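See below for the structure under consideration.
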Amino acid sequence: MSHQPDQERALSDHLTELRRRLMLSAFVVFAFFLIALPSVKYVLAYLQADLVERGLELNAFGVADPLMIYLNLALVIGLVAAGPFLLYQLWAFVAPGLHPNERKATLAYIPIIFILFLVGLAFAYYWLFPLVLDISTDLGQDLGLTQIIGASNYFTFLLQLTIPFGLLFQLPVVTMFLTRIGVVTPYFLSSIRKYAYFALFVVAAFITPPDLTSHLMVSLPLFFLYEISLSISRITYRGVLRREKEALVKEQMDLMKQMNEK
170 MSHQPDQERA
180 LSDHLTELRR
190 RLMLSAFVVF
200 AFFLIALPSV
210 KYVLAYLQAD
220 LVERGLELNA
230 FGVADPLMIY
240 LNLALVIGLV
250 AAGPFLLYQL
260 WAFVAPGLHP
270 NERKATLAYI
280 PIIFILFLVG
290 LAFAYYWLFP
300 LVLDISTDLG
310 QDLGLTQIIG
320 ASNYFTFLLQ
330 LTIPFGLLFQ
340 LPVVTMFLTR
350 IGVVTPYFLS
360 SIRKYAYFAL
370 FVVAAFITPP
380 DLTSHLMVSL
390 PLFFLYEISL
400 SISRITYRGV
410 LRREKEALVK
420 EQMDLMKQMN
430 EK
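Position one of the sequence shown corresponds to residue 170 (the numbering used here), numbered consecutively onward.
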């Protein structure tokens, strides 16, 4: 019974710490949101460049569409810019429960995660999105349809296409982390390769038009990403085995030293 107050106090401290970090994170996101507001019109002009080259234009069908697009895009920019800070806050919250070497290792993941997210966004925007746009435009012309593109739908579709790839590109770092803590091994990842390929093929089907060429052009980079993750898992696993061997040798040497002292 004497431990009950201590447990309640520890839980209260954790909740207080969590609330403090959430409030700080919200403040930083809001600050980046305000900073991003003046630059939104330039970002919008850049994002519309592909449409202008294709002779297409955006239309606002709702009274509040321009305002909502402006605010939503500023919020997305603010969230992305605040990404490293948000990841650090998450790490700082869980760090007290980690060993010193685990803290150092997990802290190193933050820049890797952020860089991979940006690479995923760039891949989706500069490779996948133009592909989808070309296929949709060509299909509309073949069907004799006049495309009247709504601005709100256009930017919603753009975000729905790019953000998932930013998350999918986290696969190598997630694999590294899971291998490091012993959840997966490279042997396991090799054994499920065909199932993983099928799953990635299905994911590609959901985010590409019903066209075999575009489907393959998205699926193949995802397969390559899986192979990179597998290679990273092999390297990480060798490091895990080496550290375990070193720890075992050290333990045996300490035991022999204790026996000699007796």
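Just so you know, even glycine gets a beta-carbon here, dropped at the ideal spot from N, CA and C.
Predicted, not measured: the structure shown is a model, and the values here were computed from it.
- Message: Quick check on the burial criterion: 16 or more other C-beta atoms within 10 angstroms. Buried or exposed for GLY247?
- Response: What you label residue 247 is simply residue 78 of the sequence shown in a count that begins at 1. By the neighbour-count rule (16 or more Cβ atoms within 10 Å), GLY247 is buried.
- Query: So, LEU302 versus ARG223, is the Cβ gap smaller than 9 angstroms?
  - Reply: For the purposes of this step, residue 302 is taken as residue 133 along the sequence shown, with counting starting at 1. For the purposes of this step, residue 223 is taken as residue 54 along the sequence shown, with counting starting at 1. Yes, the pair counts as a contact, with Cβ atoms nearer than the cut-off.
- What number of angstroms, rounded off, separates the C-alpha of MET170 from the C-alpha of ILE350? Locating residue 170 in the sequence shown gives position 1, counting from the first residue. Locating residue 350 in the sequence shown gives position 181, counting from the first residue. Note that MET170 scores 47 on pLDDT, short of 50, meaning its location in the model is unreliable; the coordinates nonetheless yield the value given after this. Computed Cα separation, rounded: 34 angstroms.
- Message: According to DSSP, simplified to helix, strand and coil, what is ILE361?
- Response: Numbered from 1 along the sequence shown, position 192 holds the residue referred to as residue 361. In the structure shown, ILE361 sits in coil (DSSP, three-state: anything other than H, G, I, E or B).
- Task: Since I believe PHE338 is in contact with LEU285 (beta carbons under 8 angstroms), could you give me their beta-carbon distance rounded to a whole number of angstroms?
- Result: The sequence position of residue 285 within the sequence shown is 116, counting from 1. The sequence position of residue 338 within the sequence shown is 169, counting from 1. Right, the Cβ-Cβ distance comes to about 5 angstroms (below 8 angstroms), so this counts as a contact.
- Message: As an exercise, report each continuous alpha helix (DSSP H) stretch of at least 4 residues that is fully enclosed by the segment 319 to 353, in chain order.
- Response: Within the segment 319 to 353, complete alpha helix (DSSP H) segments of at least 4 residues are found at 320 to 337 and 340 to 349, given in chain order.
- Task: Using a threshold of 9 angstroms, state whether the C-beta atoms of THR331 and LEU290 are closer than that.
- Result: In the sequence shown, residue 331 corresponds to position 162, counting from 1. In the sequence shown, residue 290 corresponds to position 121, counting from 1. It is a contact, given that the beta carbons lie within the stated cut-off.
- Message: Given a cut-off of 9 angstroms on the beta-carbon distance, is the pair LEU432 and LEU394 in contact?
- Response: This structure does not reach residue 432, given that the chain is present from 170 up to 431, and the question cannot be answered.
- Task: Taking THR325 as the reference, give the member of TYR295, TYR239 and GLU415 with the closest Cα.
- Result: By 1-based counting over the sequence shown, the position of residue 325 is 156. Closest in C-alpha terms to THR325, from the list TYR295, TYR239 and GLU415, comes TYR239.
- Under 9 angstroms between the Cβ atoms of SER398 and LEU336? Here the question's residue 398 lines up with position 229 in the sequence shown. Here the question's residue 336 lines up with position 167 in the sequence shown. Taking 9 angstroms as the cut-off, the Cβ atoms of SER398 and LEU336 do not count as close.
- In angstroms, rounded to a whole number, what distance separates the CA positions of TYR294 and VAL288? Within the sequence shown, residue 294 is the residue found at index 125, counting from 1. Within the sequence shown, residue 288 is the residue found at index 119, counting from 1. Distance between the alpha carbons of TYR294 and VAL288: 10 angstroms.
- PHE286, enclosing alpha helix (DSSP H) - first and last residue: Taking the sequence shown and counting its residues from 1, one reaches residue 286 at position 117. Counted as a single uninterrupted DSSP element, the alpha helix (DSSP H) harbouring PHE286 occupies residues 278 to 292.
- Determine the closest residue to ALA261 out of HIS183, ALA243 and VAL249, with distance taken between C-alpha atoms. Within the sequence shown, residue 261 is the residue found at index 92, counting from 1. Per the Cα distances, HIS183.
- Message: Does LEU227 come out as helix, strand or coil in the three-state DSSP assignment?
- Response: Residue numbering aside, residue 227 sits at position 58 when the sequence shown is read from its first letter. Strand, per DSSP.
- Evaluate MET464 with the Cβ neighbour count: other Cβ atoms within 10 Å of its Cβ, from every protein chain shown; 16 or more gives buried, anything less gives exposed. With the chain represented from 170 up to 431, any question about residue 464 goes unanswered, as that position is not in the structure.
- What's the C-alpha gap between LEU347 and HIS268? Within the sequence shown, the letter at position 178 stands for residue 347. Within the sequence shown, the letter at position 99 stands for residue 268. Looking at the two C-alpha atoms, the distance is approximately 16 angstroms.
- Query: Cβ atoms of PRO235 and ALA243: under 9 angstroms apart, would you say?
  - Reply: Translated into the one-based positions of the sequence shown, residue 243 becomes position 74. Translated into the one-based positions of the sequence shown, residue 235 becomes position 66. Against a cut-off of 9 angstroms, the Cβ pair of PRO235 and ALA243 comes out as no contact.
- SER171 - DSSP class collapsed to helix/strand/coil: For the purposes of this step, residue 171 is identified with residue 2 of the sequence shown, where counting begins at 1. Only weak support exists for where SER171 lies, its pLDDT of 49 falling under 50; the value from the coordinates is given anyway. Coil at SER171, not helix or strand.
- Express the C-alpha separation of ALA264 and ALA272 in angstroms, rounding to a whole number. Reading the sequence shown from its first residue, position 103 is the one you call residue 272. Reading the sequence shown from its first residue, position 95 is the one you call residue 264. The question names Ala, but residue 272 in the sequence shown is Arg. Rounded to the nearest angstrom, the two C-alpha atoms are 6 angstroms apart.
- Return the residue from the list LEU297, GLN258, GLN310 and PRO253 that minimises the CA-CA distance to PHE283. Here residue 283 refers to the residue found at position 114 of the sequence shown. That would be PRO253, whose Cα lies nearest to the Cα of PHE283.
- Buried or exposed: where does VAL353 fall if 16 or more other Cβ atoms within 10 Å of its Cβ makes it buried? To locate residue 353, count along the sequence shown from 1; it is residue 184. When all chains shown are included, VAL353 counts as buried.
- Task: May I have the straight-line CA-CA distance separating TRP296 from ILE404, to the nearest angstrom?
- Result: Here residue 296 refers to the residue found at position 127 when the sequence shown is read from its first residue. Here residue 404 refers to the residue found at position 235 when the sequence shown is read from its first residue. Rounded to whole angstroms, TRP296 to ILE404 spans 30 angstroms at the Cα level.
- Could you tell me the distance, in whole angstroms, from the CA atom of GLN310 to the CA atom of ALA250? Taking the sequence shown and counting its residues from 1, one reaches residue 310 at position 141. Taking the sequence shown and counting its residues from 1, one reaches residue 250 at position 81. Taking the straight line joining both Cα atoms gives about 39 angstroms.
- Message: Using only CA atoms, which one of LEU276, TYR215 and PHE298 lies nearest to ILE376?
- Response: Your numbering for residue 376 matches position 207 in the sequence shown. The residue from LEU276, TYR215 and PHE298 with its alpha-carbon nearest to that of ILE376 is PHE298.
- Query: If you draw a straight line from the alpha carbon of VAL232 to that of ASN322, how long is it in whole angstroms?
  - Reply: Residue mapping note: residue 232 aligns to position 63 of the sequence shown, counting from 1. Residue mapping note: residue 322 aligns to position 153 of the sequence shown, counting from 1. Taking the straight line from one Cα to the other gives about 14 angstroms.
- Query: Which residue from ALA218, LEU225 and VAL198 puts its Cα closest to that of ASN241?
  - Reply: For the purposes of this step, residue 241 is taken as the residue at position 72 of the sequence shown. For the residues ALA218, LEU225 and VAL198, the minimum Cα distance to ASN241 belongs to VAL198.
- Query: Quick one: what's got a C-beta closer than 6 angstroms to PHE201's C-beta in the same chain, skipping five residues either side?
  - Reply: As a working note, residue 201 is residue 32 in the sequence shown. Cβ within range, chain order: GLY247, ALA250 and ALA251.
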